[in-house]
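Q:
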Amino acid sequence: MSKVNIAISECLLGHNCRYDGKTKYFPKVELLKEKYNLIPICPEVLGGLPTPRVASEIVGDKVLREDGLDNTLYFMTGAKKALEIYKKNNCKAAILKESSPSCGLNLIHDGTFSGKKIKGMGITCRQFIANG
7 MSKVNIAISE CLLGHNCRYD GKTKYFPKVE LLKEKYNLIP ICPEVLGGLP TPRVASEIVG
67 DKVLREDGLD NTLYFMTGAK KALEIYKKNN CKAAILKESS PSCGLNLIHD GTFSGKKIKG
127 MGITCRQFIA NG
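Laid out in C-alpha cells, this is it:
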C-alpha cells in the first residue's frame, strides 16, 4: 500500500528555515514518516525571503517586517508556490507551524512585535483553505 502525501512546514522537520535561522523540530514527525510521505514546504523561503530574516507579522491586510518594510508580496508568492507543490504532489493534508504569519491556522502574532498572539490565519493557510 502506498503512503499518502502530506505537506508539512519545513521547520517542523528540523530544517533551519525560520526567520531567526532556527528550527521548530517536532519529534513526533518521526512517527508520521512511518505512515505518510512528508512533503516539506517553507512558504517564506519559497517566496524569496532569506534565512535568517527580519521578523514579519500580519498588520491589517499586509505582512510587515519589524522595521516597517512591506513583505506582503514575498508571503503571497510563497503561498502560491506552496500551494503548487501541494497540488503537484497530490497532498491530502497539511501540517503547518502555528502562529506563523505564513502557516498559522488558529493563531498569529498581533502585529505589534510584542509576542502577543491573537486569533487569525497565516497567508499560506488562507491560500490552502481557499483552494480546497
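For what it's worth, the working numbering labels the leading residue of the sequence shown as 7, then goes sequentially. By construction, the Cβ of each residue, glycine as well, lies at the ideal position given by its N, Cα and C atoms. Keep in mind that this is a model prediction, so the values were computed, not measured.
Ala100 by DSSP, collapsed to three states: which one?
A: Within the sequence shown, the letter at position 94 stands for residue 100. Looking at Ala100 - three-state DSSP - the assignment turns out to be strand.
Q: Starting from Glu63, trace the beta strand (DSSP E) both ways and give me its first and last residue.
A: Sequence index remark: in the sequence shown, residue 63 carries index 57 (1-based). Its beta strand (DSSP E) spans residues Ser62 to Val65.
Q: What first and last residue would you give for the alpha helix (DSSP H) that runs through Tyr92?
A: For the purposes of this step, residue 92 is taken as residue 86 along the sequence shown, with counting starting at 1. Thr78 to Lys94 is the span of the alpha helix (DSSP H), which, as asked, contains Tyr92.
Q: Name the residue from Glu104, Lys68, Lys93 and Phe81 whose alpha carbon lies nearest to the alpha carbon of Lys125.
A: Here residue 125 is taken as the residue at index 119 of the sequence shown, counted from 1. Among Glu104, Lys68, Lys93 and Phe81, the Cα nearest to that of Lys125 is on Glu104.
Q: What are the boundary residues of the beta strand (DSSP E) that Arg71 is part of?
A: Counted from its first residue, the sequence shown places residue 71 at position 65. First-last of the beta strand (DSSP E) with Arg71: Lys68 to Arg71.
Q: Would you give the residue range spanned by the alpha helix (DSSP H) that Pro49 belongs to?
A: For the purposes of this step, residue 49 is identified with residue 43 of the sequence shown, where counting begins at 1. Pro49 to Leu52 is the extent of the alpha helix (DSSP H) around Pro49.
Q: Since Leu111 and Lys123 are thought to touch, with beta carbons under 8 Å apart, how far apart are those beta carbons, to the nearest angstrom?
A: Taking the first residue of the sequence shown as 1, we reach residue 111 at position 105. Taking the first residue of the sequence shown as 1, we reach residue 123 at position 117. Between Lys123 and Leu111 the Cβ distance is about 12 Å, and since that is not below 8 Å, they are no contact.
Q: How would you label Thr130, buried or exposed, when you count the other beta carbons within 10 angstroms and need 16 or more for buried?
A: To locate residue 130, count along the sequence shown from 1; it is residue 124. Its Cβ being crowded by 16 or more others within 10 Å, Thr130 is buried.
Q: Taking the Cβ atom as the reference point for each residue, do Leu102 and Gly128 lie within a distance shorter than 9 Å?
A: Taking the sequence shown and counting its residues from 1, the one referred to as residue 102 is at position 96. Taking the sequence shown and counting its residues from 1, the one referred to as residue 128 is at position 122. In contact: Leu102 and Gly128 (Cβ atoms closer than 9 Å).
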